[in-house]
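Here full-length UniProt numbering is used: the first residue of the sequence shown is 1, the next is one more, and so on. Remarks on the structure that follows.
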Amino acid sequence: MADIVAFRAQVPQADLDDLAGRLARTRWPDELPGVGWDHGIPLARTRELAEYWRTGYDWRAQEARLNEFPQFTTEIDGANVHFYHVRSPEPDALPLILTHGWPSTSADFLDMIGPLSDPRAHGGDPADAFHVVVPSIPGFGFSGPTRDRGWDVPRVARAWGELMRRLGYERYGAQGGDFGWPISHELALQERESVIGLHLNYLPTPSGGEDGDLTEEERARLDRMRNYLAEPAGYWRMQSTRPQTLAYGLSDSPVAQLAWIADKVAEWSDPASEISDDRLLTTVMLYWLNGTGGSSSRLHRESGGKRGGRPLPCPVPLGVAVFPHDLVLPIRQFAERVHDVVHWTEFDRGGHLPALEVPELLTGDVRAFFRLLR
């Protein structure tokens, strides 16, 4: 068994100086007048972000924030795996593994780790405490690029099962959104004797050809879902077919990496959300500094470019948090055909990135769901 090694973010100053130089030498594209966001992230917004990144953003302060919680690395199945592991002071805490998606990182959960692991210190009920594990998917962030083919959703899930065994956890919960939903679902399938419950904040629910008796709202959700799954967005087409072609720009140009991520964060978030430029740039930095713009894209390719489909039945109880500005919104009656849905919450704010947008809502819903299963 590979060792588990303590980790701290310590980026060499030379890397930060190189970044500043590249930003200063950016070759900017032209832009058609009046197109706004219709053609992608506007030039003015990108220049604003890039200038703040170069002259105002403080990586060392963000690095210190990342290092507030214990981090580790270990090798699993030939890949380096970085993860946060925060044990609760409460003796009866339930282990919980949280999985991010794309273009997210494990740092998305920073505002949730404290309240989840030590609710007593954050005004909550100590009975809701968790031992929190937040890994970085191989190919993302501090896990670094993958080194061989085949890192698809089932392989990541197998790595998560092995990670939890190495940490000594035999009974635990799983939570995820975006790519975190199929990974967590697959983990529940593979480790059904260990995973006691699955909480998701993203769950496509295709009808499977039987629409049933739908309300007007459910019909609108189904139409939106069908359109989304039938017409993949440009980023998805590129990452699921030509990730290597994309990798050259993302690895060589920090502004290319910035625009690629900032465009999606803006499009996928609730317009009322307040994701700070500092948090956005920290996400970008974790891709840029680790050279994982291309390797993270490979997850789409390796997983077959799949965006949905009728899921296998979930072998454990399921909880779902629905945020109104998500990419697609699930339909409960369809989910209940294949899952044991024991908890379902419809929120009035939040989008596809709730850990960044509304961490207090997501934290509360995770607590409420697992309260049913402890």
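Beta carbons: idealized from backbone N, C-alpha and C, even for Gly.
Which residues DSSP lists as bridging residue i, in chain order
i: Ile97; result: Val133, Ala174
i: Glu346; result: Val322
i: Pro317; result: Asp340
i: Val86; result: Val132
i: Gly234; result: According to DSSP, Gly234 bridges with nothing at all.
Beta-carbon spacing of residue i, residue j below 7 angstroms
i: Ser106; j: Ser136; result: yes
i: Gly144; j: Asn201; result: no
i: Leu281; j: Trp53; result: yes
i: Ala2; j: Thr46; result: no
i: Gly180; j: Leu250; result: no
i: Asp340; j: Pro317; result: yes
i: Arg171; j: Ser207; result: no
i: Phe72; j: Ile4; result: yes
i: Val328; j: Tyr235; result: no
i: Asp178; j: Pro359; result: no
Whole-angstrom distance between residue j and residue i, CA atom to CA atom
i: Leu66; j: Met285; result: 12 angstroms
i: Trp59; j: Asp213; result: 53 angstroms
i: Phe369; j: Gln190; result: 21 angstroms
i: Ser269; j: Gly350; result: 7 angstroms
i: Pro138; j: Thr283; result: 16 angstroms
i: Arg192; j: Pro315; result: 6 angstroms
i: Leu16; j: Ala61; result: 13 angstroms
i: Gly308; j: Pro204; result: With a pLDDT of 49 at Gly308, under the threshold of 50, the predicted position of this residue should be treated as unreliable, and no value is reported.
i: His325; j: Pro243; result: 27 angstroms
i: Pro33; j: Arg27; result: 19 angstroms
i: Pro232; j: Val132; result: 34 angstroms
i: Ala20; j: Pro29; result: 19 angstroms
i: Ala92; j: Arg120; result: The residue asked about is misnamed: residue 92 is Asp in this sequence, not Ala. Whole-angstrom Cα-Cα distance: 13 angstroms.
i: Ser104; j: Met225; result: 22 angstroms
i: Leu362; j: Arg221; result: 21 angstroms
Exposure label - residue i; buried when at least 16 CB within 10 Å
i: Leu116; result: buried
i: Pro12; result: exposed
i: His39; result: exposed
i: Thr99; result: buried
i: Ala64; result: exposed
i: Pro354; result: buried
i: Asp152; result: buried
i: Thr241; result: exposed
i: Ala247; result: buried
i: Asp276; result: Rather than Asp, the amino acid found at residue 276 in this sequence is Ser. Ser276 comes out exposed.
Contact test: residue i Cβ vs the ligand ZN heavy atom, cutoff 6 angstroms
i: Trp28; result: Ligands displayed in this structure: none; no statement on the ligand ZN is therefore possible.
Note down, one range per segment and in chain order, each beta strand (DSSP E) of at least 3 residues found wholly within the segment 173-226. 195-200
Scan the segment 142-174 and note each continuous alpha helix (DSSP H) run of 4 residues or more that stays entirely inside, going in chain order. 153-166
What residue ranges within the segment 59-83 form continuous alpha helix (DSSP H) runs of no fewer than 4 residues, ordered along the chain? 59-66
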